[in-house]
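What follows is a set of notes on a single structure, which appears directly below.
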Amino acid sequence: WSQSNPHSSGNYLKSTQDYETDFLGFKPTGSYSMNTIGIQDFTCWNQLNAGDTWKGRLLADRYNAIGASSDGIAVDICGNFATELEVLADNIIELTTSFQLSGPTPVVSSLIVTINDIEIAQDENNGWSYEEATNMIHFHGTAVPNVGDQVYVTYDPSSLGN
């Protein structure tokens with residue numbers, strides 16, 4: 082979507098891809114997601130505009146597009162705000178407890194994960210899990226590393242066979 086600027090020629094809204102490119106130019110290294118709290122549908126839009134003479138509120142489509150490109154979450158400002166914020170918090174926590182493996186795809190049975198030289202069990206409740214589709218290690222429960230902890234993942238690459 083673009084809108085003409087009455088004070089200049091042409092369109093003045095940047096594409097969502099341009100915003101993402103700009104963001105990637107100054108973001109710190111590591112995982113990130115852009116989340117949206119906004120008007121997600123016309124039901125919400127109508128609710129917010131009921132009896133109001135100012136109709137300048139817009140659907141969050143452009144924000145959602147930027148968020149979707151980074152696996153962000155889009156929540157409705159008209160929804161149950163406590164529930165919506167919990168969804169956002171869970172997404173943020175997941176980013177801080179998941180780590181992309183930078184090497185080749187591992188032989189899953191060979192994965193050894195240590196935090197501060199202590200081996201961590203493969204456990205969905207209080208340990209770690211591996212997600213093949215994204216080549217990521219996810220930490221759970223009491224095994225979530227603290228800031229400053231040294232996390233090491235060793236494994237045999239799948240190219241060596243099982």
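No gaps in the numbering here: position 44 of the sequence shown is 125 in the working numbering, and each next residue is one more. Note that CB positions come from ideal geometry on N, CA and C, so glycine has one too.
Please classify SER179: does DSSP put it in a helix, a strand, or coil? Along the sequence shown, one-based indexing puts residue 179 at 98. Three-state DSSP puts SER179 in a strand.
Taking the straight line between their C-alpha atoms, what separation do you get for THR117 and ASN145? The count along the sequence shown starts at 1 and reaches residue 117 at position 36. The count along the sequence shown starts at 1 and reaches residue 145 at position 64. CA-to-CA, the gap between THR117 and ASN145 works out to about 6 Å.
Sorted by chain position, which residues of the same chain lie with C-beta nearer than 8 Å to THR223's C-beta, five sequence neighbours on each side aside? The residue labelled residue 223 in the question sits at position 142 within the sequence shown. If you ignore the 5 residues before and after THR223, its C-beta comes within less than 8 Å of the C-beta of ASN207, all in its own chain and listed in chain order.
For the beta strand (DSSP E) that ASP142 lies in, which residues bound it at each end? Numbered from its first residue, the sequence shown carries residue 142 at position 61. Counting along the chain, ASP142 falls outside any beta strand (DSSP E), though it belongs to the alpha helix (DSSP H) covering 142-149.
When you compare only the Cα positions, how much space is there between SER83 and LEU192? Residue mapping note: residue 83 aligns to position 2 of the sequence shown, counting from 1. Residue mapping note: residue 192 aligns to position 111 of the sequence shown, counting from 1. The predicted position of SER83 is uncertain, since its pLDDT is 41 and thus under 50; a value taken from the coordinates is nonetheless stated next. Cα-Cα distance, rounded: 49 Å.
When the Cα atoms are used, what is the spatial distance from VAL228 to ILE199? Your numbering for residue 228 matches position 147 in the sequence shown. Your numbering for residue 199 matches position 118 in the sequence shown. Going by C-alpha positions, VAL228 is about 16 Å away from ILE199.
Close Cβ partners of GLU165 (< 6 Å) along its chain, the five nearest in sequence each way excluded: Here residue 165 refers to the residue found at position 84 of the sequence shown. Sequence-distant Cβ neighbours of GLU165 in its own chain, meaning closer than 6 Å and more than five residues away, are VAL156.
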